[in-house]
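Residue numbers (the numbering used here): 1409 to 1489.
Single-structure report; data block below.
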């Protein structure tokens, strides 16, 4: 019985960690959207952000890809100034 309890405890911790990272990624992406003046239509079109499966690792990968693209755009814009 102890093994099952430990597995359950670890699964719970994993869910909490993924949830925390997803919320952090959402906040970071929203900040970047604001900095880049991303329209509401473009934000809505990014379906992963509005997906009902909020805490999936795949969601983090999708957010990371979008965030990296926006950060590159910001760096390129700053260099051009």
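Backbone N, C-alpha and C fix where the C-beta goes; we use that ideal spot for every residue, glycine too.
query: Specify, as a first and last residue, the run of the alpha helix (DSSP H) that residue 1455 falls within.; result: 1455-1458
query: Leaving out five residues before and five after residue 1444 in sequence, what residues of the same chain have Cβ atoms less than 7 Å from its Cβ?; result: 1478, 1481, 1482
query: For residue 1471, which of helix, strand or coil comes out of DSSP?; result: helix
query: Would you kindly check if the distance between the Cβ of residue 1475 and the Cβ of residue 1431 is under 8 Å?; result: no
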